[in-house]
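Residue numbers (the working numbering), protein chains in the order written: chain U, 16 to 159; chain S, 16 to 159. The beta-carbon is built from N, C-alpha and C at its ideal position, and this holds for glycine as well. No experiment lies behind these values; they were computed from the predicted model shown.
There are 2 protein chains.
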Amino acid sequence: MKSEIEVFREFIRNKGLRKTPEREQVVRAVFAIHDHFDVDELYVLLRGQNERISKATIYRTIPLLLESGLIQEAYFEDGHLHYEHIYGHEHNCHLRCLDCGKVVEFTEEIVKDVEEKVGEIYDFLVTGHKLEVYGHCGKCKVHK
Amino acid sequence: MKSEIEVFREFIRNKGLRKTPEREQVVRAVFAIHDHFDVDELYVLLRGQNERISKATIYRTIPLLLESGLIQEAYFEDGHLHYEHIYGHEHNCHLRCLDCGKVVEFTEEIVKDVEEKVGEIYDFLVTGHKLEVYGHCGKCKVHK
DNA sequence: GCTATTATCGCAATTCGTTCGCAATAAGGA
DNA sequence: TCCTTATTGCGAACGAATTGCGATAATAGC
Numbered sequence: 016m017k018s019e020i021e022v023f024r025e026f027i028r029n030k031g032l033r034k035t036p037e038r039e040q041v042v043r044a045v046f047a048i049h050d051h052f053d054v055d056e057l058y059v060l061l062r063g064q065n066e067r068i069s070k071a072t073i074y075r076t077i078p079l080l081l082e083s084g085l086i087q088e089a090y091f092e093d094g095h096l097h098y099e100h101i102y103g104h105e106h107n108c109h110l111r112c113l114d115c116g117k118v119v120e121f122t123e124e125i126v127k128d129v130e131e132k133v134g135e136i137y138d139f140l141v142t143g144h145k146l147e148v149y150g151h152c153g154k155c156k157v158h159k
Numbered sequence: 016m017k018s019e020i021e022v023f024r025e026f027i028r029n030k031g032l033r034k035t036p037e038r039e040q041v042v043r044a045v046f047a048i049h050d051h052f053d054v055d056e057l058y059v060l061l062r063g064q065n066e067r068i069s070k071a072t073i074y075r076t077i078p079l080l081l082e083s084g085l086i087q088e089a090y091f092e093d094g095h096l097h098y099e100h101i102y103g104h105e106h107n108c109h110l111r112c113l114d115c116g117k118v119v120e121f122t123e124e125i126v127k128d129v130e131e132k133v134g135e136i137y138d139f140l141v142t143g144h145k146l147e148v149y150g151h152c153g154k155c156k157v158h159k
């Protein structure tokens, strides 16, 4: 299996774009965070490593990461989008607590079957899915 | 089954809030749109009916509608959130074309089973879900 | 029904995430 | 190595969402 940097370089080359250290720093930061992240977290992480990178560059790199299939939008919260890297770990199901915001990740094979079935019915070439299940976690539900 | 206005009035009363024409206009507009909507669409619809209502009021009413379970956030697109009414029609699965943006709604009973199963495993009181399947629709996939 | 209290409204100003314009820089082909 | 031009960083601009405030109107008490 190719590393994420290799996948990214290939993508950049195929699109006729330029390989820059800034873009690769973003890719590395994205895969250093083994959790959901937002633009600001990437920015803080990179700055903490004494990397000189602007937020504009991060914002400009996000669409490339999305298009190359390395990351996906996970959810919208606190006024902005949160992402997650998906290359290598296909955890695209989330269980969210509506009270405390806690998020548990899980994978569910059955959803793959749903993908296939729905794709056939509506004539879609399906490439992925996101499932979000929400409710009240063990701690929060006792107060209900 | 209670009408959406009745559900809303009950919710307002239980919270000790006031029943106002503005809030009820928003509820009616939300259920007049049988599709996804955003704040601006609500605003335009209400203005077109010669209703005098401000966007601030719409923004202030949205959290009430979410909390009362009448609507839910559907997806984030074009820089802002889109909602859908869910009371009465549980179509919380979407099939989205990544190329043209076309959205098809469907319901899938299996996801209910997943809800239940995941709720047990992680000790959650599950109240709902959103499933988004994406890919390329019939028209768009031929160009690939 | 009338009045007092105070939640809610509309408006305008503000906040904050994201994008854009532009000059300086540097990647990559000749 | 030079030249072209994509990419960067900065700060201004943009737009969605929120908030402060005076005016208004919905409920409770009389």
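Answer yes or no: do cysteine 108(U) and cysteine 155(U) have a C-beta to C-beta separation smaller than 7 Å?
no
Roughly how many angstroms separate the alpha carbons of glutamate 105(U) and glutamate 25(S), rounded to a whole number?
42 Å
If you count every other CB in all the chains shown that lies within 10 Å of the CB of tyrosine 74(U), and 16 or more means buried, which is it?
exposed
Just to confirm the assignment, what range does the beta strand (DSSP E) spanning isoleucine 86(S) have?
86-92
Below 8 Å CB to CB, which residues in the same chain sit around isoleucine 101(S) once its five sequence neighbours on both sides are set aside?
Gly84, Leu85, Ile86, Gln87, Asn107, Gly143
Around the C-beta of isoleucine 68(U), are 16 or more other C-beta atoms found within 10 angstroms, so that it is buried, or is it exposed?
buried
In whole angstroms, give me the CA-to-CA distance for arginine 43(S) and glutamate 37(S).
10 Å
Could you tell me which chain S residues have their CB closer than 9 Å to the CB of phenylalanine 6(U), listed as they occur along the chain?
Residue 6(U) is absent from the model: chain U starts at 16 and stops at 159.
Local Cβ density within 10 Å of alanine 89(S), reported as buried at 16 or more and exposed below that
buried
Does DSSP put arginine 111(S) in a helix, in a strand, or in coil?
strand
Going by C-alpha distance, which of Val129(U), Asp138(U), Tyr137(U), Arg111(U) is nearest glutamate 5(U)?
Shown here, chain U extends from 16 to 159; a query on residue 5(U) therefore has no answer.
So who's on the other strand from valine 59(S), going by DSSP bridges?
In DSSP, valine 59(S) forms no bridge with anything.
Compute the Euclidean distance between the alpha carbons of isoleucine 48(U) and lysine 30(S), then round it to the nearest angstrom.
41 Å
Would glycine 84(S) count as contacting chain U if we go by Cβ distances under 7 Å?
no
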